[in-house]
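Residue numbers (the numbering used here): 4 to 241.
Printed below as a string of structure tokens:
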């Protein structure tokens with residue numbers, strides 16, 4: 004049975020934001036997880052692509068997205084996904100910020116994948132909240148928006164009704180987490196199996212697992228060689 008509040012419809016509306024310069028992979032994650040027809044389930048999400056600005060909306064790889072719904076559609080959404088953004092320093096349209104803020108105030112959940120976090124930040128949805136993004140952008144996010152508690156090490160963060168994911172493929176983990184909350188672990192596991200993914204990776208899992216440096220026995224010839232190499236890395240070797 005669905006896990007979301009009883010006043011939510013059995014087939015909640017998910018809106019994915021499309022914009023000029025659309026991140027194709029992150030957008031594809033939203034489509035694959037929430038728009039794909041799943042006849043094996045009695046209930047599933049309804050899906051809409053919402054244009055953040057007038058078209059044509061060009062996506063990475065020479066693709067053009069033709070979105071019919073405008074920002075008014077967000078007033079009916081249960082979940083809104085911002086799949087990346089065209090740049091960490093790229094301005095966010097005021098109309099998009101206003102629509103996202105109004106939807107959140109109404110009770111909608113807002114999720115970002117990768118650099119989409121900058122849209123949520125511009126809309127003021129992350130003030131005083133914990134969030135994450137791609138490790139490449141974490142320092143820039145923290146500097147630009149000091150009121151956000153940026154966690155650069157995790158796969159995704161849920162803070163109230165706002166969700167943020169780390170880079171690219173971590174959006175799959177976040178999406179499965181949302182499905183698990185809405186429809187339960189068994190449904191999420193079925194979706195993950197179709198995607199050939201692990202059924203669950205916890206949001207607190209690190210983006211990277213540091214590879215430990217092999218330890219040589221103290222006093223051995225290998226240990227001495229390692230010490231010598233480390234101390235002469237700036238020198239030319241024959």
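Note that CB positions come from ideal geometry on N, CA and C, so glycine has one too.
Within the continuous alpha helix (DSSP H) that includes residue i, where are the two ends?
| i | result |
| --- | --- |
| residue 100 | 97 to 109 |
| residue 194 | 188 to 197 |
| residue 145 | 141 to 147 |
Check residue i in the structure and name its three-state DSSP category.
| i | result |
| --- | --- |
| residue 212 | Note that residue 212 scores 45 on pLDDT, short of 50, meaning its location in the model is unreliable; the coordinates nonetheless yield the value given after this. Here residue 212 sits in coil by DSSP. |
| residue 67 | strand |
| residue 161 | strand |
| residue 81 | coil |
| residue 18 | strand |
| residue 171 | coil |
| residue 166 | strand |
| residue 89 | coil |
| residue 183 | helix |
| residue 34 | helix |
| residue 120 | helix |
Provide the residue span of the beta strand (DSSP E) that contains residue i, from first to last.
| i | result |
| --- | --- |
| residue 55 | Unbroken run through residue 55: none, as it is neither H nor E. |
| residue 115 | 112 to 116 |
Of the residues the options, which one's Cα is nearest the Cα of residue i?
| i | options | result |
| --- | --- | --- |
| residue 30 | 193, 77, 139, 114 | 114 |
| residue 35 | 178, 201, 67 | 178 |
| residue 74 | 63, 60, 103 | 103 |
Looking at the strands, I want to know which residues DSSP matches up with residue i.
| i | result |
| --- | --- |
| residue 50 | 17 |
| residue 60 | 68 |
| residue 25 | 62 |
| residue 133 | 152 |
Q | Segment contact, 8 Å Cβ cut-off, at least three pairs: the segment 12 to 23 with the segment 47 to 65 | A | yes
Q: Determine, using beta-carbon pairs with one atom in the segment 97 to 117 and one in the segment 147 to 154, whether at least three such pairs fall under 8 Å.
A: no
Q. How do the segment 154 to 173 and the segment 186 to 196 stand: do at least 3 beta-carbon pairs fall below 8 Å, yes or no?
A. no
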